[in-house]
Amino acid sequence: MNYWLVKSEPSEYSWEDLLKNGEEIWDGIRNFQARNYLREMKTGDLVLFYHSGKTKEIIGIAEVTEEAFPDQADSEQKGWVSIRIKPKISIKNPLTLEKIKNDGQLSNLLLLKQSRLSVMPVEKPQFDHIVKLTS
DNA sequence: GCCAACGTTGGC
DNA sequence: GCCAACGTTGGC
Numbered sequence: 001m002n003y004w005l006v007k008s009e010p011s012e013y014s015w016e017d018l019l020k021n022g023e024e025i026w027d028g029i030r031n032f033q034a035r036n037y038l039r040e041m042k043t044g045d046l047v048l049f050y051h052s053g054k055t056k057e058i059i060g061i062a063e064v065t066e067e068a069f070p071d072q073a074d075s076e077q078k079g080w081v082s083i084r085i086k087p088k089i090s091i092k093n094p095l096t097l098e099k100i101k102n103d104g105q106l107s108n109l110l111l112l113k114q115s116r117l118s119v120m121p122v123e124k125p126q127f128d129h130i131v132k133l134t135s
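Mapping of the first sequence onto UniProt numbering: residues 1 to 135, in sequence order.
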């Protein structure tokens with residue numbers, strides 16, 4: 001199993017929206033690096049859900065329920081893909097970017113290195129550490 | 001509101 | 001194919 005992190009601006013689509021809808025097609029990704037990661041996702045993989053913008057925190061854990069399929073909005077069929085996720089765990093104590101920065105074990109998170117990437121892999125030890133910090 | 005870091009576009 | 005200009009994202 002692999003672990004991931006996706007970012008969303010809560011005014012665009014929030015964790016609460018995902019909870020309300022029960023599942024969501026994660027589409028609209030128009031970045032090659034992010035797309036490649038989407039293609040690697042497998043059913044059952046776990047996905048940290050990060051709010052960018054004002055709050056800047058990991059607020060939930062979602063699960064991949066459908067592996068990469070063509071993005072319906074990709075009318076020119078350029079190979080963009082989407083996946084489907086559902087909420088799994090709502091985090092009671094969200095992990096803020098500030099805490100992530102101040103935690104030595106999380107210094108290698110791509111989140112800190114490539115601030116603009118919206119889909120990225122997370123190593124299992126780091127994922128486990130985040131789960132421990134937020135539970 | 002500003003700026004850094006990228007990604008994209010278009011002229012050459 | 002290079003590079004300047006521009007647009008976008010996201011942290012501060």
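By construction, the Cβ of each residue, glycine as well, lies at the ideal position given by its N, Cα and C atoms.
None of these values were measured; they are calculated from a predicted model.
{"Query": "Per DSSP, cross-strand counterpart(s) of residue 13", "Result": "Its beta-bridge partners do not exist; DSSP assigns none."}
{"Query": "Residue(s) in a DSSP beta bridge with residue 138", "Result": "The requested residue 138 does not occur in the structure, where the chain is confined to residues 1 to 135."}
{"Query": "Cβ pair count under 8 Å reaching 3, the region 102-116 against the region 23-30", "Result": "no"}
{"Query": "Range of the contiguous alpha helix (DSSP H) that encloses residue 84", "Result": "Run containing residue 84: none in the alpha helix (DSSP H); it sits in the beta strand (DSSP E), 81-96."}
{"Query": "Rounded distance between the beta-carbons of residue 5 and residue 47, thought under 8 Å", "Result": "7 Å"}
{"Query": "Test item: CB-CB of residue 89 and residue 61 under 7 Å", "Result": "yes"}
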